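Going by my numbering, the sequence shown opens with residue 63, and the numbers climb by one from there. Even glycine gets a Cβ: it sits at the ideal position worked out from N, Cα and C. Given the structure is predicted, the values throughout are model-derived calculations rather than measurements. One structure is given here, and the rest of the page talks about it.
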Amino acid sequence: MVGLFVRFKQNFGDEIFMWTRCFLTIAPILAAISVAAGAFASHALKAKLDTYALDIWETGAKYQMYHAIALLFVGLLALQESMPQAWLNAAGIGFIVGTVLFSGSLYTLSLSGVKILGAITPLGGVGFLIGWICLAIAGWSQVSS
63 MVGLFVRFKQ NFGDEIFMWT RCFLTIAPIL AAISVAAGAF ASHALKAKLD TYALDIWETG
123 AKYQMYHAIA LLFVGLLALQ ESMPQAWLNA AGIGFIVGTV LFSGSLYTLS LSGVKILGAI
183 TPLGGVGFLI GWICLAIAGW SQVSS
């Protein structure tokens, strides 16, 4: 484990690690926003939104946290030279795009009530699925090589 972080320190500026740097920076930011969104729902929105809208908001916050953790995992895996970087990069991008579209549309839908925003949510779900599939391919590729 120590060797992993020594390698990270030596190579963090290299171009190959651009996406890794993004993932390791964006993941904790998304996690923090998820915590803030959950707290905001519990304290400020509880009195203002009906149960259905509050459930929508909380679903967005939960999925944002799940995929922030997944993104952090992708970033840490990408520090290993033996892992296929292209598949990990695709997974991380899928998780980021999925979070923005899925959670973002749910937050906006719960606050605005504009139902058409619900049509964006499945696109975010597709982003999540792409991320998970790419992560599985990365794992399979690493194991089989």
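Spatial distance of residue i from residue j (CA atoms)
| i | j | result |
| --- | --- | --- |
| M145 | C196 | 12 Å |
| A109 | Q142 | 47 Å |
| V97 | G160 | 18 Å |
| L229 | Q204 | Because the chain spans 63 through 207 in this model, residue 229 falls outside it and cannot be assessed. |
| F190 | H129 | 8 Å |
| A198 | L92 | 22 Å |
| V162 | G186 | 7 Å |
| L107 | I88 | 26 Å |
| W194 | V188 | 10 Å |
| L173 | P90 | 24 Å |
Closest by C-alpha distance to residue i, when choosing among the options
| i | options | result |
| --- | --- | --- |
| G122 | G100, L107, L191 | G100 |
| A148 | T87, A200, F135 | A200 |
| R83 | F135, H105, I192, T113 | F135 |
6 Å Cβ shell around residue i - same chain, five flanking residues per side excluded
| i | result |
| --- | --- |
| L86 | G137 |
| I192 | G156 |
| F132 | Rather than Phe, the amino acid found at residue 132 in this sequence is Ala. Once the five neighbours on either side are set aside, the close Cβ partners of A132 are F157. |
| S167 | L179, I182, T183 |
Residues near residue i in its chain [Cβ-Cβ closer than 8 Å; skip 5 each side]
| i | result |
| --- | --- |
| W81 | A140, Q147, L150, N151, G154, I155 |
| G175 | A115 |
Integer Cβ distance of residue i from residue j, believed to fall under 8 Å
| i | j | result |
| --- | --- | --- |
| A103 | E120 | 6 Å |
Decide if the region 125-140 is in contact with the region 172-182; the criterion is three or more beta carbon pairs, one per stretch, under 8 Å apart. no
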